[in-house]
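J.:
Numbering (the UniProt record's numbering), first residue to last: 1 to 185.
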């Protein structure tokens with residue numbers, strides 16, 4: 001009996017030591033928001049389509065990533081962390097619509113269903129990891145995708161706006177919010 005007690009005490013000490021020396025992430029570093037204004041202005045000048053970005057979202061939406069790749073079918077990417085902690089991205093490109101939408105939505109597929117968002121018809125795509133709302137307008141395909149619900153994806157899609165005429169010209173200025181001036185897509 002004494003040996004059993006000593007064995008349990010040694011195991012308890014080892015477990016307690018491991019607990020003390022293994023780092024705990026109780027105060028996780030919050031996701032840093034990125035300032036995407038410069039990339040947005042660059043993309044809007046270079047892209048052969050109206051580059052979309054959200055306006056009017058609550059401050060609880062945090063932009064986390066941005067890129068514009070002219071040599072990759074003029075691909076625009078703007079990633080966000082939604083208020084519920086889910087990921088939402090705005091993707092645009094002049095690439096082949098079906099291929100591009102499947103690629104950026106991590107192999108989601110067209111469900112054949114549509115959804116009306118702010119007067120526009122979007123195709124609903126579902127996938128193992130991401131779902132998406134997809135719309136082709138002219139030569140550009142816009143994909144709002146991520147781990148978020150369709151409700152959140154639609155919230156982002158409804159907030160998307162293109163640049164107002166003259167907004168990028170010298171002296172046009174920017175709104176007080178710090179967001180680039182925009183007009184409905």
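All C-beta atoms, glycine included, are put in the ideal place defined by N, C-alpha and C.
Which residue's Cα is closest to the Cα of residue 149: 88, 121, 120?
T.: Walking along the chain shown from the start, residue 149 turns up at place 149. Looking at the Cα atoms, 88 is the closest of the given residues.
J.: Hey, would you say residue 133 sits closer than 8 Å to residue 160, going by beta carbons?
T.: Walking along the chain shown from the start, residue 133 turns up at place 133. Walking along the chain shown from the start, residue 160 turns up at place 160. No.
J.: Determine the DSSP secondary structure at residue 38, reduced to helix, strand or coil.
T.: The residue you call residue 38 lines up with position 38 of the chain shown. Here residue 38 sits in helix by DSSP.
J.: Is the segment 47-57 close to the segment 137-145, with three or more CB pairs under 8 Å?
T.: With a cut-off of 8 Å, the segment 137-145 and the segment 47-57 count as touching, because enough Cβ pairs lie within range.
J.: Answer with buried or exposed for residue 42, where buried requires no fewer than 16 other C-beta atoms within 10 angstroms of its C-beta.
T.: The residue given as residue 42 occupies position 42 in the chain shown. Exposed, since its Cβ has fewer than 16 Cβ neighbours within 10 Å.
J.: Contact between the segment 56-68 and the segment 31-39: three or more CB pairs below 8 Å?
T.: Because the criterion of three Cβ pairs below 8 Å is met, the segment 56-68 and the segment 31-39 touch.
J.: Is the CB-CB distance between residue 82 and residue 118 below 8 Å?
T.: In the chain shown, the residue the question calls residue 82 occupies position 82. In the chain shown, the residue the question calls residue 118 occupies position 118. Not in contact: residue 82 and residue 118 (Cβ atoms no closer than 8 Å).
J.: Threshold first: 4 residues or longer. Then list the alpha helix (DSSP H) segments lying entirely within the segment 81-147, N to C.
T.: Entirely contained in the segment 81-147, the alpha helix (DSSP H) runs reaching 4 residues are, in chain order, 97-104.
J.: Drop a sphere of 10 angstroms on the beta-carbon of residue 71, count the other beta-carbons inside from all chains shown, and report buried for 16 or more, exposed for fewer.
T.: Taking the chain shown and counting its residues from 1, the one referred to as residue 71 is at position 71. Residue 71 comes out exposed.
J.: How far does the alpha helix (DSSP H) with residue 58 in it reach, from first residue to last?
T.: Position 58 of the chain shown holds residue 58. Element bounds for residue 58: n/a, residue is neither H nor E.
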